[in-house]
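My numbering applies: residue 187 is where the sequence shown begins, and numbers increase by one. Every residue gets a Cβ at the ideal spot worked out from N, C-alpha and C, and that includes glycine. Bear in mind the structure is a predicted one, so any value in this text is a computation, not a measurement. These notes are about the structure you will find just below.
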Amino acid sequence: MPTFKIVLDSSSNFDFELAQKYDIELIPYNIQMDEKHYKDLVDITSLEFFQKMGACHTLKTAIPSPQEIGDFLTDLESKGVTQVLFITTSQKLTGMQDLVHLVARSHPNLEIAVVDSRQAGATVGLIGIYADKLRSEGKDFNTVVDTLNRKLPDASIHALFRTLEYVIRGGRLSKVKGAIGMMLKIQPVLTISDGEITITEKMRGIKRSRKQLITNIRKKIASGRPYYFALFSGDNEEELAILKTELDDVIAKADVYFEKEFTPVLGVHGGPNAIGASVFFTD
């Protein structure tokens, strides 16, 4: 039995299959699509989400309620768990970290740590896998927390959102930058810097932007350091297949690799046809 629990949420691009593989607890976000409400990955799959999203006027996400987090922690306590490590999406993008700190006050018998990944999506998932590796090597709770905080600069994400409508609507990217990009039909290459979504390059055309994305990924792993790697897409199997072919050697050299469709919470903000990759250096 693990000495402590590692917890991710569905904004990590983890699903329950991956969570089970790495003995990680997964907390779903809440999704609103017009008048209907869903629990991410429980009441709606990624496929169902992308099939429905185009017809929706209202798309929103919400962190779990304090009651949901409280019940989750109470359940862990009932199973004899004493230490819990939450790894969250950047505090600048979500309120999950603040929520956990708030609810933790009502659970004094649990030692709870929250690591703000300063990232989003599959990059958070890779950090979670690394935390499991440290745990399986026998590292104690505080050592794992300290190691993750030290290694956060080794995590990165590289993405193309084929439309900026959704990330602007959700307030995760400057409306001015986004509006200019849409008017000029620019395909911006995105990353996360200092916990916020930023544009690294402004490219014209789908092929040119995808080429730049691949270039950025190769530059990132060029140092030869060991790494974990993930590919993701938002209902964009065609370009995902191209990325897999163009980056087959990068995938082969990765110590850990996974690929996933955007979870619905990520699809709300990333929109359809997004593609990208996450990297985490492990040395």
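Give a single yes or no on whether residue i has its beta carbon closer than 7 Å to a heavy atom of the ligand SAH.
i, result
"residue 415", "With respect to small molecules bound, the structure shown includes none, and the ligand SAH cannot be examined in it."
Near residue i, which residues of its chain fall below 6 Å by C-beta distance, leaving aside the five closest residues on each side in sequence?
i, result
"residue 308", "199, 416, 418, 464"
"residue 248", "216"
"residue 391", "none"
"residue 278", "381, 382"
Compare the beta carbon distance of residue i and residue j with 8 Å and say whether it is the shorter of the two.
i, j, result
"residue 383", "residue 429", "no"
"residue 285", "residue 327", "no"
"residue 406", "residue 303", "no"
"residue 275", "residue 306", "yes"
"residue 373", "residue 409", "no"
"residue 472", "residue 330", "In the structure as shown, the chain starts at 187 and stops at 469, and residue 472 therefore has no counterpart that could be examined."
"residue 432", "residue 400", "yes"
"residue 273", "residue 213", "no"
"residue 208", "residue 314", "yes"
"residue 228", "residue 259", "no"
"residue 473", "residue 334", "Beyond the ends of the chain as shown, which are 187 and 469, falls residue 473; an answer cannot be given."
So which of the options has the shortest CA-CA distance to residue i?
i, options, result
"residue 280", "381, 403, 432, 395", "381"
"residue 226", "454, 385, 351", "454"
"residue 211", "221, 224, 229, 190", "190"
"residue 442", "312, 379, 322", "312"
"residue 269", "297, 375, 321", "297"
"residue 310", "411, 205, 458, 421", "205"
"residue 250", "423, 224, 351", "224"
For residue i, which residues of its own chain have a beta-carbon under 7 Å away from its beta-carbon, when the five flanking residues on both sides are left out?
i, result
"residue 340", "466, 467"
"residue 230", "217, 224, 450"
- [ ] For the segment 188–207 and the segment 408–415, state whether three or more C-beta atom pairs, one from each stretch, are separated by less than 8 Å.
- [x] These segments do not touch.
TODO: Mind the definition here: the segment 256–271 touches the segment 231–238 only if three or more C-beta pairs lie below 8 Å; say whether that holds.
DONE: Between the segment 256–271 and the segment 231–238, the count of Cβ pairs shorter than 8 Å is below three; the stretches do not touch.
Task: alpha helix (DSSP H) runs wholly inside the segment 294–336, at least 4 long, in chain order - done: Counting whole runs of 4 or more residues, the segment 294–336 contains the alpha helix (DSSP H) stretches 308–322.
Open item on the list: As an exercise, report each continuous alpha helix (DSSP H) stretch of at least 4 residues that is fully enclosed by the segment 250–301, in chain order.
Closed with: Segments of the alpha helix (DSSP H) lying fully in the segment 250–301: 252–264, 282–290.
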